[in-house]
Amino acid sequence: MSGQRYQQLLADLRADYRPQREWGEGRGVLLVVGHFLVGIAGGTWLLSWWFGITAGLMTAVLLGGLGGLGHLAFLGRPERAFKMVRHWRTSWISRGFVGLTLFLAGGCLHLAFELAAPGGLAALIAGLAALAGTLTIIGYMGFTYTASKGVPFWNSPLHPVLYIAYAVRGGVAMLLVLAAFGHASGAALMPLWLVVTGLVALLFALELQGAAAGSDVAARRSVHDILAGRLAAIFYGGTLAIGLGVPLALGAAGGNYPVIMALVGLTSAAGDFFMKLSTVRAGVYRPLIVPRQRHRG
1 MSGQRYQQLL ADLRADYRPQ REWGEGRGVL LVVGHFLVGI AGGTWLLSWW
51 FGITAGLMTA VLLGGLGGLG HLAFLGRPER AFKMVRHWRT SWISRGFVGL
101 TLFLAGGCLH LAFELAAPGG LAALIAGLAA LAGTLTIIGY MGFTYTASKG
151 VPFWNSPLHP VLYIAYAVRG GVAMLLVLAA FGHASGAALM PLWLVVTGLV
201 ALLFALELQG AAAGSDVAAR RSVHDILAGR LAAIFYGGTL AIGLGVPLAL
251 GAAGGNYPVI MALVGLTSAA GDFFMKLSTV RAGVYRPLIV PRQRHRG
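All residue numbers for the sequence shown refer to my numbering, where the first residue is 1 and numbers rise by one.
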């Protein structure tokens, strides 16, 4: 452990609210990037499968592969991933790796079979396997954080639902980018983006309100850090301004222009990343309460 990290650890232990730093800081940013890319990949595949957009399916597989590399880079040693898969019965992280493997394998095979024999049974089976992996990867991330009992802010029943909604929003964002190049219908996607964005905003507001009104002091501290503390710049500048304000303004200015659609998609996706980064970094442990020792007289 370096001297700087050691001093940071001592400072955290002295603080009333000790932030978790394994995920979201330093090398942990790679994990957030991995979750972000995998979530968008799942949402993009789901919507592309529904609308029949081949370019979207290809983009989803590419994003999923990049997200998997982000996870492996965070672990540092790829063999750890294979050891983690063995615990899929009890670990959401292991289930996520299984789902991502199923998604990537099924997705690549589906695209290959579609190129060789469009509409064949093999392509359908591979596509259904990829779809099963998709449903896993868009859901496991929220459950992974919720299972972390030591961080009260994450331990919310809304967290998995919020991550699923963000995956769908990310999928719409990627299809908007593809629509700018003629691979999807932007006219149909903009209203969908507005609906999903409204749902995401409602869920996030409910999660913050629930944590702020609850009895757990650590969860309330996390809300304070996001709204008025160390993470306020990321939240207001990244999540709200870039991820919400800019896309809404661009959409109002003329959402059917190719450049506008691409910018709406990119800024929306950037806002999703900042949301995930801020909520991960907002995680703090419950205060350590050390009982006083009684002195014998």
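Each residue gets a CB set at the ideal place from its N, CA and C atoms; glycine is no exception.
Values in this document were obtained by computation on a predicted structure and should not be read as measured data.
Within 10 angstroms of its Cβ, does residue i collect 16 or more other Cβ (buried), or is it exposed?
i: Ala228; result: exposed
i: Gly297; result: Caution is warranted here: a pLDDT of 46 is assigned to Gly297, below 50, making its placement in the model unreliable, and no coordinate value can be reported.
i: Glu207; result: buried
i: Leu57; result: buried
i: Arg221; result: buried
i: Val264; result: buried
i: Ala262; result: buried
i: Gln20; result: buried
i: Val32; result: buried
i: Trp92; result: buried
i: Ser156; result: buried
i: Phe113; result: buried
Could you check what DSSP says for residue i in three-state terms: helix, strand or coil?
i: Pro160; result: helix
i: Val32; result: helix
i: Val344; result: Residue 344 lies beyond the residue range present for the chain, which begins at 1 and ends at 297; the question has no answer from this structure.
i: Gly297; result: Summary for Gly297: the model assigns pLDDT 46, below 50, so the residue's position carries little reliability; its value from the coordinates is reported in the next sentence. Note: Gly297 maps to coil in three-state DSSP.
i: Pro291; result: Caution applies to Pro291, whose pLDDT of 44 falls short of 50 and renders its modelled position unreliable; the model cannot decide the point.
i: Gln20; result: coil
Give the C-beta separation of residue i and residue j to the nearest angstrom, bearing in mind that I take them to be a contact with Cβ-Cβ under 8 Å.
i: Leu175; j: Ile260; result: The Cβ separation is near 14 Å, so there is no contact.
i: Phe153; j: Gly67; result: In fact, because the Cβ distance is near 24 Å, the residues do not count as touching under 8 Å.
i: Phe235; j: Ile226; result: 5 Å
i: Phe103; j: Thr59; result: In fact, because the Cβ distance is near 13 Å, the residues do not count as touching under 8 Å.
i: Val38; j: Ile137; result: 5 Å
Between which two residues does the alpha helix (DSSP H) holding residue i run?
i: Thr54; result: Thr54 to Leu75
i: His373; result: The displayed coordinates of the chain run from 1 to 297. Any statement about residue 373 would go beyond what the structure contains.
i: His110; result: Trp92 to Ala116
i: Pro247; result: Val246 to Gly254
i: Leu194; result: Gly186 to Ala213
i: Ile125; result: Leu121 to Thr146
i: Pro258; result: Pro258 to Arg281
Measuring CA to CA, which of the options is closest to residue i?
i: Leu158; options: Ala205, Val217, Ser48 and Gly39; result: Ala205
i: Lys149; options: Gly120, Pro191, Ala252 and Ala218; result: Ala218
i: Ala270; options: Val172, Thr134, Ala112 and Val151; result: Val172
i: Phe274; options: Arg95, Gly39 and Thr239; result: Thr239
i: Ala233; options: Leu189, Thr146, Ile137 and Thr279; result: Thr279
i: Arg286; options: Asp216, Leu244, Gly119 and Trp45; result: Asp216
i: Thr44; options: Leu162, Leu69 and Tyr166; result: Tyr166
i: Ala147; options: Arg95, Leu189 and His110; result: Arg95
i: Ala122; options: Ile164, Val38 and Gly106; result: Gly106
i: Ser268; options: Leu62, Leu203, Val177 and Gly120; result: Val177
i: Phe74; options: Gly65, Glu22 and Arg230; result: Glu22
i: Gly76; options: Val223, Gly24, Gly28 and His35; result: Gly28
i: Gly254; options: Leu128, Ala41 and Met190; result: Met190
i: Asp272; options: Gly170, Gly186 and Val223; result: Gly170
i: Gly127; options: Val168, Ser48, Lys276 and Arg18; result: Ser48
i: Ala211; options: Ala201, His224, Ala179 and Leu202; result: His224
i: Val161; options: Val151, Tyr140 and Phe181; result: Tyr140
Within 8 Å of any Cβ in chain B, is that where the Cβ of residue i sits?
i: Ala187; result: The structure shown contains no chain B, having only a single protein chain.
Considering only heavy atoms of the ligand ZN, does any lie closer than 7 Å to the CB of residue i?
i: Thr136; result: As presented, the structure is devoid of all ligands, the ligand ZN included, so that no description of it is given.
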